[in-house]
Every structure is written in C-alpha cells, then in structure tokens.
Amino acid sequence: MSYAGDITPQQAWDLLRDDPNAVLVDVRTDGEWRAIGIPDTAEIGKAPIFIEWVNNFGQRNQSFVDDLRANGVEAGPVVFLCRSGQRSVHTAIAATAAGIEPSYNVLEGFEGAVGPSGQRDVEGWKVLGLPWKQS
C-alpha cells in the first residue's frame, strides 16, 4: 500500500486523542480555512498543522514535504484532512514516500461530499459533530 490507509473522521479524532504522537495536518487552502472553518483540537491539547496541498489557484505545493518537516512532522502517525477526502489521499502518499509514516487519509474530509440537497451536509468532520471553529 502506498500509505497506511483510510480512516473515518471519528477514527481520526480517536487516534489524535489517544496517541500522544499523532498529528493532524489540514491540507485545504487558506481560503477554505478562513471561509469554512477548521478542526478544533484544543480539548485534546494539540494544534492542527495547516499546509496547503494546492493553493487557491489550484497550483500544487511543490514544497509540501519540506513544509511538513519545517512544522516538525518527521514521523507519524499523521492524519491528513481535506474537504472531502480526495486531496488528502495524495498528501498521505507523498508523506509515506518521504518516510513519514504511518500516514492516514481521513475519509469524508472536513465537509464531505455534496448531498441530495446540494449542500455538503451528509458526512465529514463537521457533520459528525467533531470539534471545529471558524478561523
């Protein structure tokens, strides 16, 4: 496998809460963090790390792994979170290839897929009621 695997938002929260070495890396864009909100991990005494995988213009962050290391991420477990669990797969693969493991992708992401109502309101970190806040 090219990364440790996919975990649900609840499994991600449990891992972050229970493993003192676990780190959350939110790989969405700065615009998403500001407009949509961010995970709030204060109650478990851990601050998320924010590193864009792509910027607001869709350009890939070529220094992503260097940015991880600059933020102290040298080993896992690392939990990668994006909007819907798509971009974060790529970040888990990149981290694993760089020897940062285990690296996990959070299925459903922060907001999840678009539901029948046309809104992102059926799955994801926020919908499950995991802690979050407006940045």
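To convert, note that position 126 of the sequence shown is 121 in the numbering used here; the numbers rise steadily by one, no gaps. By construction, the Cβ of each residue, glycine as well, lies at the ideal position given by its N, Cα and C atoms.
| request: Have a look at D62 and V20 and give me their C-alpha separation to the nearest angstrom. | output: Here residue 62 refers to the residue found at position 67 of the sequence shown. Here residue 20 refers to the residue found at position 25 of the sequence shown. Straight-line Cα distance between these residues: approximately 11 Å.
| query | T36: which of V49, G53 and P15 sits nearest, CA to CA? | reply | Translated into positions along the sequence shown, residue 36 becomes position 41. Nearest C-alpha to T36: P15.
| Secondary structure of P34, DSSP reduced to three states | The residue labelled residue 34 in the question sits at position 39 within the sequence shown. Here P34 sits in strand by DSSP.
| task | For my contact list, D1 and L102 are in at a C-beta cut-off of 8 Å; report their separation, rounded to the angstrom. | result | By 1-based counting over the sequence shown, the position of residue 1 is 6. By 1-based counting over the sequence shown, the position of residue 102 is 107. Right, the Cβ-Cβ distance comes to about 5 Å (below 8 Å), so this counts as a contact.
| query | Among G40, S83 and R12, which residue has its Cα nearest to the Cα of I46? | reply | One-based indexing of the sequence shown puts residue 46 at position 51. I46 has its Cα closest to that of S83, out of G40, S83 and R12.
| Going by DSSP, what residues sit across from N100 in a beta bridge? | Residue numbering aside, residue 100 sits at position 105 when the sequence shown is read from its first letter. Looking at the DSSP output, N100 sits in a beta bridge with D1 and F75.
| Near V122, which residues of its chain fall below 7 Å by C-beta distance, leaving aside the five closest residues on each side in sequence? | In the sequence shown, counting from the first residue as 1, residue 122 sits at position 127. Result list for V122: G107 and D116, in chain order.
| request: Let me know the secondary structure DSSP gives W48 once reduced to three states. | output: Taking the sequence shown and counting its residues from 1, one reaches residue 48 at position 53. Of the three classes helix, strand and coil, the one that applies to W48 here is coil, per DSSP.
| request: Less than 8 Å between the CB atoms is what I'm expecting for N100 and F75, so what's the real figure, rounded? | output: Mapped onto the sequence shown, residue 100 falls at position 105. Mapped onto the sequence shown, residue 75 falls at position 80. Their Cβ separation, rounded to whole angstroms, is 6 Å, which keeps N100 and F75 in contact under 8 Å.
| task | Could you spell out the range, first to last residue, of the alpha helix (DSSP H) harbouring V60? | result | Translated into positions along the sequence shown, residue 60 becomes position 65. Run containing V60: F59 to A65, per the alpha helix (DSSP H) assignment.
| task | Please check the pair G71 and I95, which I expect to be a contact at CB under 8 Å, by giving their CB distance rounded to whole angstroms. | result | The sequence position of residue 71 within the sequence shown is 76, counting from 1. The sequence position of residue 95 within the sequence shown is 100, counting from 1. Their Cβ separation, rounded to whole angstroms, is 6 Å, which keeps G71 and I95 in contact under 8 Å.
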